[in-house]
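Only one structure is covered here, and it is reproduced in the block below.
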Amino acid sequence: MAVPTGIATIDALLPEGGMLTGALHEIEAGPAPSGRIASHDGAALGFAACLIGRFGPGTILWCRQPLGTLDAPPYAPALSAWFDPARLLMVTARREEDLFWAMEEGLRAPGIAAVLGETRAADPTAGRRLSLAAEKNGVPAFLLRPQPAPPQSVCTTRWRVASAALPSTAPGLADPGIARWHIELRRNRFGTPSTEEMPSWLVEWNDETHHLAVVPQARHGSAGPSPAGIARTDPNRQRLVG
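Just remember that the numbering used here sits 484 ahead of the position in the sequence shown, which is counted from 1.
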């Protein structure tokens, strides 16, 4: 069984026309327009939230490991663009093995629609266990990484997501507050074989339709970096990242 992403050009390449439910998927942060990998600019996190929000009904289990003193959990009002925050069950783990254990247990628990884990770890054994648990229970598992990591050969799809530039020479074509992301499909295990180049898309979020859409070629730009599309709680003040 698969759940469409809502973007026809992407779904056409994916197995069964969408994201497989009983499978492991990886999403990692990619380089921003400046060329640097901005792990907390929110693009990869926003794309992950957009995808998991399409699975349901049921609880979304979000497992994470604090990454430092400036680390903060996702900001619930911003997540509401993709799903009802009341569906969210957040688990914080001190150790990587505890995070993977919580994810695996969540995949077996009744009433869980999707399981996501934020981690820097690349544990092949944990990846295999998550893949098997997802397949057995028909619940999707997502690994969200703040930076590229050695790939998990067992994942069904692997995505790289980064904030994209907004055009500065065409006023009125793009709202500077919108989320615009560059998405690469770097692995597509059971889908349509891709060309030698990895398929990629420039997409943006529409607040009116509550859907992602591919940006028409005529609107592509190369200006400075766009604001992020997701929020995290600021240690001093809660706000949308931007």
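Even glycine gets a Cβ: it sits at the ideal position worked out from N, Cα and C.
A straight line joining the alpha-carbon of S647 with that of R629 spans about 15 Å. Counting every other CB atom within 10 Å of its CB across the protein chains shown gives P550 a total below 16, marking it as exposed. Shown here, R612 sits in a helix according to DSSP, grouped into three states. Per the coordinates, the alpha-carbon of A593 lies some 21 Å from the alpha-carbon of A532.
A straight-line Cα-Cα distance of about 31 Å links G611 and A697. Just measuring C-alpha positions, the residue of G514, M682, R664 sitting nearest V699 is R664. For the set F674, E668, H694, E688, the Cα lying nearest the Cα of M682 is the one of E668. Straight across, the Cα-Cα distance linking E588 with A625 is about 9 Å. In terms of Cα proximity to N690, the closest of V623, D555, I491 is I491. P557 places its beta carbon less than 8 Å from that of R548.
Nearest to A598 by C-alpha distance, out of G502, D555, R571, is R571.
Residue burial annotation: G622 is exposed, with fewer than 16 other C-beta atoms found within 10 angstroms of its C-beta. No residue range can be given for C639, since it is assigned to no beta strand (DSSP E) and is classified by DSSP as neither H nor E.
Residues A533, C534, G537 of the same chain have their beta carbon placed closer than 6 Å to that of W566, with the five preceding and five following residues left out of the count. In this chain, the alpha helix (DSSP H) harbouring L583 covers 580-592. The secondary-structure analysis by DSSP pairs N690 across a beta bridge with H695. Nearest Cα to A605 within the set P569, V487, D582, A618: D582. Taking all protein chains in view, the Cβ of F674 is surrounded by fewer than 16 other Cβ atoms within 10 Å, so the residue is classified as exposed. Rounded to whole angstroms, the Cβ separation of D495 and G506 is 18 Å, and the two are not in contact under 8 Å. If the five residues before and after G514 are omitted, its C-beta is found closer than 8 Å to the C-beta atoms of I521, A527, A528, P632, R644, V645, A646, H666, E668, all from its own chain and listed in chain order.
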